[in-house]
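Undergrad: Okay, so the sequence shown: first residue is 1 according to the working numbering, each after it adds one. The structure that follows is given in the form of structure tokens.
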Amino acid sequence: MDPLAAIRETFFQECEEQLSELESGLLAMEGGDTDPETINAVFRAVHSIKGGAGAFQLEALIRFAHVFETALDEMRSGRLAATSDVLKTMLRAADVLADLVRAAHSGSEAEHPLAASLADELKAMSGAAADDDDGGEEDWGDFEFKPMAAAMDLPADDVGAAAANGFVVKFKPRTDLYHKANEAALLLRELARLGDTTVELHAHDVPPLHEIDPEAAYLAWTITIHGDADEMAVREVFEWVDGDCELEITPLGGRDGAAESDGGLDVAALLARVQGDAPAADEPPAETNTVDVASLIAKLEPIAEAPVVVPLTPAPAQEAAAEAPAAPGQVRKTEAGATIRVDLDRVDRLIDLVGELVINQAVLAQRVMEAGLARASAVAMGLDELEQLTREIQDSVMAIRAQPVKSVFQRMPRLVREVAAMTGKPVRLVTEGEGTEVDKTVIERLADPLTHMIRNAIDHGLESPDKRAAAGKPAEGVVKLAAFHRSGRIVIEVSDDGAGINRERVKGIAIEKGLISAEASLSDEEIDNLIFMPGFSTAAEVSDISGRGVGMDVVRRSIQALGGRINIASRPGKGSTFTMSLPLTLAVLDGMVVSVNNQTLVAPITAIVETLQPKAEDVHSLGGHARVISIRGGFVPLIDIGMALGYRRDPLPATQGVALLIEGEGGSRAALLVDAIQGQRQVVIKSLEANYRQVPGVAAATILGDGRVALILDIDTIVTVSRGDMRKAS
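Dropping the structure here:
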């Protein structure tokens, strides 16, 4: 990849992080956070985006970010109050800024339809604050200043200073400059465009290599610029790194027409210093090596490309720190772990290879078992160690892909603001569990279902302000988005404090649309689940939000495609809660391998509560093939997996099989009857739908140690279908 393209891509990745921090800070301020550091963090986010955009000449982004930054600066200085209206405007500005960043990333140059109007609002806020501060000076409007030449008698010294055109710039980056994806070389190139330029590199602060902090900044430069550029043009180069560097700009005449040497090092001396071969204190200092920008960059590039050998022996100070025990009652502080950016394709390839490793390990285990080797043999013991090591490698690799759901949750506040504005309903979004981690693949596919559910909660779940007031509720509705781990899965809940599901109306619409018959007898749960049927909608008219019968059925299909399930809990007048339960990863699962009519199947072990051998007196028939089993004083459906999947026509006698007691979402239980249990193992998930087609009752497939393909059961679908058959039988 072209180095500049790589830097550009890194800039946009950093922008996403800055936008996230911007929105989080504004939402915190809207919630009452008055910490000055929160305001500063918001300001720095916009400032960093603007600065990076300047390096790539993203004019539309620069213009809007500048206006936004000015308004935030007024707020930071206390001249603009962080009122509710001001923060709402800034939240909308944050949305526009995010759109401009993504448009620039995609290469689009189209103007944002809201950028101009929002910029005017921000300018008005900043202008009002400035007027109040200056005591009400006269408004000059659009007065345009035009420079004019004037003849003046200047002292001889002043004439000499004015004649020496140019500046001396002393520039030393701080660590934050690099943390924000800024690059000193780009600044030097910008300065070179202002006139003839020479550069001195100062590397006095560079320590020996084994003492170097890779995230610190050690180099500094003195740049001499000859030409007609004014001081404002020079300062504009550094405008977007203001505060992240030490900067001194002096007219060239003030330095007797030449830049004073500050003890610069040549490249050879720099290499000697970082390799630990710095000259002794009594040796004369190296002569200043003054080069132009192009030559400097050319000389630095071979250094960057040269291999560097890092000594493994720690520095004496580090050894002392490592050996020194922590004081009683104190916890030794550790540095924050370093992070790297890795192409996702490489991680996916690594996960695929680990999956193949798991399969090969299972094959070896199968071969050892078939060979009849004793468990205490050296081969069998070595295989056990290999299995443990494979499991640790797999867990570690999967942890690399694990990411907090925060990246998805942070997209929702903007959606809430937009839908609230369209419906005229004041809404507050509450989020919990943003740090809950799940596989990146799952996160990427959560955005669409959550979008549909949030829109549905606001449009259909929450009442209008008038109706809420009549019901004794606050005018502002609340939508809650929560994530947490439960039973080896991730659970995401979307709830609202609205009116709940009007079951009578839902059933009436379903009958009207021909989705169910008028004579159908449905439970509350079944009526609630009608909203997931294709074509179902309770909207009175089609709008930009709903009414086309497309939405919740898409949600259910999306969740099922992820190997998950969704259910509803609703209370009239109190609100509704939609609960999604998803696997933590789409790559592997712990399963129980079972036999059904000479077929090998895998049941996800997270859903299994216990296994038991049914007794004849505990099994009761409900007519036809429907049966229930008594377990500790209660009855649960007994589902013959062989009949549910069509492997046999006649049910297996319960006493000849093994029952797997499973528990679904909401605490519902059922018993799955299988012929036998082969064992428990970790299996690699292979998509059946992608390689064949969707099969009811089957979630995916896997490859066993003997090379055969085994199907992974979709337990929720099997239970749902069987319960429907059981109600018909009863």
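In this text, a Cβ means the ideal position worked out from N, Cα and C, and glycines have one as well.
Let me make sure I understand the geometry here. Which of 575, 54, 89, 674 has the alpha-carbon closest to that of residue 414?
TA: What you label residue 414 is simply residue 414 of the sequence shown in a count that begins at 1. The residue with the shortest Cα to Cα distance from residue 414 is 89.
Undergrad: Per the contact definition of three or more C-beta pairs closer than 8 Å, is the segment 169 to 178 in contact with the segment 246 to 253?
TA: With the cut-off at 8 Å, the segment 246 to 253 and the segment 169 to 178 touch.
Undergrad: Identify every run of the beta strand (DSSP E) within the segment 608 to 684, keeping only runs that are complete inside it and at least 3 residues long; order them along the chain.
TA: DSSP runs (the beta strand (DSSP E)) wholly in the segment 608 to 684: 608 to 612, 619 to 623, 626 to 631, 634 to 640, 658 to 663, 669 to 674, 676 to 684.
Undergrad: What number of angstroms, rounded off, separates the C-alpha of residue 498 from the C-alpha of residue 25?
TA: Indexing the sequence shown from 1 puts residue 498 at position 498. Indexing the sequence shown from 1 puts residue 25 at position 25. Their Cα atoms are separated by approximately 28 Å.
Undergrad: Roughly how many whole angstroms lie between the Cα atoms of residue 617 and residue 708?
TA: Position 617 of the sequence shown, counted from the start, is the residue given in the question as residue 617. Position 708 of the sequence shown, counted from the start, is the residue given in the question as residue 708. Straight-line Cα distance between these residues: approximately 37 Å.
Undergrad: When DSSP builds the beta bridges, which residues end up paired with residue 361?
TA: Residue 361 sits at position 361 when you count from the first residue of the sequence shown. Looking at the DSSP assignment, residue 361 forms no beta bridge with any residue, so it has no partner.
Undergrad: Considering only the alpha carbon of each residue, which of 37, 93, 590, 213 lies closest to residue 77?
TA: Mapped onto the sequence shown, residue 77 falls at position 77. Measuring from the Cα of residue 77, the nearest candidate turns out to be 37.
Undergrad: Could you have a look at residue 533 and say whether DSSP puts it in helix, strand or coil?
TA: Counting from one through the sequence shown, the residue named residue 533 turns up at place 533. In this structure, residue 533 counts as coil in the three-state DSSP scheme.
Undergrad: What residues match up with residue 84 in a beta bridge as DSSP calls it?
TA: Counting from 1 along the sequence shown, the entry for residue 84 is found at position 84. In DSSP, residue 84 forms no bridge with anything.
Undergrad: Quick one: using the 10 Å Cβ neighbour count with 16 as the cut-off for buried, is residue 400 buried or exposed?
TA: Within the sequence shown, residue 400 is the residue found at index 400, counting from 1. Under this definition residue 400 is an exposed residue.
Undergrad: Considering only residues of the same chain and omitting the five flanking positions on each side of residue 355, which have a CB-CB separation below 6 Å?
TA: Position 355 of the sequence shown holds residue 355. Excluding positions up to five away in sequence, the list reads 684.
Undergrad: Counting C-beta neighbours from all protein chains within 10 Å, is the total for residue 50 16 or more, i.e. buried, or is it exposed?
TA: The sequence position of residue 50 within the sequence shown is 50, counting from 1. Buried, by the Cβ-count rule.
Undergrad: Just to confirm my understanding: we take residue 642, look at its own chain, exclude 5 residues before and 5 after, and list those with CB closer than 7 Å. What are they?
TA: Walking along the sequence shown from the start, residue 642 turns up at place 642. Contacts found: 596, 597, 648, 652.
Undergrad: In its own chain, which residues sit with a C-beta less than 6 Å from the C-beta of residue 531, not counting the 5 before and 5 after it?
TA: Taking the sequence shown and counting its residues from 1, one reaches residue 531 at position 531. Cβ within range, chain order: 552.
Undergrad: Contact between the segment 460 to 468 and the segment 429 to 436: three or more CB pairs below 8 Å?
TA: In short, these stretches do not touch, since the Cβ pair count stays below three.
Undergrad: Once DSSP output is grouped into helix, strand and coil, what is the label at residue 410?
TA: Residue 410 sits at position 410 when you count from the first residue of the sequence shown. In this structure, residue 410 counts as coil in the three-state DSSP scheme.
Undergrad: For the segment 345 to 365 against the segment 390 to 405, do three or more pairs of beta-carbon atoms, one drawn from each stretch, fall closer than 8 Å, so that the two count as touching?
TA: Short answer: they touch.
Undergrad: Please classify residue 166: does DSSP put it in a helix, a strand, or coil?
TA: As a first step, residue 166 is located in the sequence shown; it is residue number 166 there, counting from the start. Strand, per DSSP.
Undergrad: Report yes or no: is there a C-beta of chain D within less than 8 Å of the C-beta of residue 228?
TA: Here there is only one protein chain, and chain D is not present.
Undergrad: Does the segment 472 to 484 come into contact with the segment 512 to 530, if we say contact requires no fewer than three beta-carbon pairs (one atom in each stretch) closer than 8 Å?
TA: No contact exists between the segment 472 to 484 and the segment 512 to 530.
Undergrad: What do you get for residue 389, buried or exposed, if any count of 16 or more other CB atoms within 10 angstroms of its CB means buried?
TA: Position 389 of the sequence shown, counted from the first residue, corresponds to residue 389. Exposed.
Undergrad: Rounded to whole angstroms, what is the Cα-Cα separation between residue 679 and residue 569?
TA: Numbered from its first residue, the sequence shown carries residue 679 at position 679. Numbered from its first residue, the sequence shown carries residue 569 at position 569. Looking at the two C-alpha atoms, the distance is approximately 36 Å.
Undergrad: Around the Cβ of residue 179, are there at least 16 other Cβ atoms within 10 angstroms (buried) or fewer (exposed)?
TA: By one-based count along the sequence shown, residue 179 stands at place 179. With fewer than 16 Cβ atoms within 10 Å of its Cβ, residue 179 is classed as exposed.
Undergrad: Have a look at residue 222 and residue 207 and give me their C-alpha separation to the nearest angstrom.
TA: Looking up residue 222 in the sequence shown gives position 222. Looking up residue 207 in the sequence shown gives position 207. So the two alpha carbons sit approximately 20 Å from each other.
Undergrad: Can you grab the Cα-Cα spacing for the pair residue 314 / residue 203, in whole Å?
TA: In the sequence shown, counting from the first residue as 1, residue 314 sits at position 314. In the sequence shown, counting from the first residue as 1, residue 203 sits at position 203. Any reading at residue 314 must be qualified, since the residue scores a pLDDT of 38, below 50, and its modelled position is unreliable; the value itself is stated next. Each residue's Cα considered, the two are about 23 Å apart.
Undergrad: Three-state secondary structure (DSSP) at residue 330?
TA: As a first step, residue 330 must be located in the sequence shown, where it is residue number 330. Any reading at residue 330 needs caution, since the residue's pLDDT is 39, under 50, leaving its predicted position unreliable; the model's value is listed next. Residue state, collapsed to three classes: coil.
Undergrad: Would you mind giving the Cβ-Cβ distance between residue 601 and residue 711, rounded to the nearest angstrom? I have them listed as a contact below 8 Å.
TA: Looking up residue 601 in the sequence shown gives position 601. Looking up residue 711 in the sequence shown gives position 711. Going by Cβ atoms, the distance from residue 601 to residue 711 rounds to 5 Å, so yes, they are a contact pair.
Undergrad: Could you tell me the boundaries of the beta strand (DSSP E) in which residue 700 lies?
TA: On the sequence shown, position 700 is the one that residue 700 refers to. Unbroken beta strand (DSSP E) run through residue 700: 698 to 703.
Undergrad: So what's residue 160 in DSSP terms, helix, strand or just coil?
TA: For this step, residue 160 is matched to residue 160 along the sequence shown. Interpretation of residue 160 is limited by its pLDDT of 37, a score under 50 that renders its predicted location unreliable; the figure taken from the coordinates is listed afterwards. Residue state, collapsed to three classes: helix.
Undergrad: So what does DSSP say about residue 293, is it helix, strand or coil?
TA: The count along the sequence shown starts at 1 and reaches residue 293 at position 293. With a pLDDT of 46 at residue 293, under the threshold of 50, the predicted position of this residue should be treated as unreliable, and no value is reported.
Undergrad: Using the Cα positions of residue 228 and residue 52, report the straight-line distance between them to the nearest angstrom.
TA: Sequence index remark: in the sequence shown, residue 228 carries index 228 (1-based). Sequence index remark: in the sequence shown, residue 52 carries index 52 (1-based). Each residue's alpha carbon lies about 27 Å from the other.
Undergrad: Determine whether the beta carbon atoms of residue 619 and residue 638 lie at a separation below 8 Å.
TA: To locate residue 619, count along the sequence shown from 1; it is residue 619. To locate residue 638, count along the sequence shown from 1; it is residue 638. Closer than 8 Å, so yes.
Undergrad: Go through its chain and collect everything with a Cβ distance to residue 442's Cβ below 8 Å, but skip five positions before and after it.
TA: On the sequence shown, residue 442 is found 442 positions in, with the first residue counted as 1. Excluding positions up to five away in sequence, the list reads 490, 562, 582, 583, 584, 585, 586.
Undergrad: If you count every other CB in all the chains shown that lies within 10 Å of the CB of residue 624, and 16 or more means buried, which is it?
TA: Residue numbering aside, residue 624 sits at position 624 when the sequence shown is read from its first letter. That one is exposed.
Undergrad: Have a look at the DSSP bridge pairing and note the partners of residue 592.
TA: Translated into the one-based positions of the sequence shown, residue 592 becomes position 592. Its beta-bridge partners are 603, 680.
Undergrad: Does the beta-carbon distance from residue 100 to residue 116 come in below 8 Å?
TA: Against the sequence shown, residue 100 aligns to sequence position 100. Against the sequence shown, residue 116 aligns to sequence position 116. Result no, Cβ atoms of residue 100 and residue 116 do not sit closer than 8 Å.
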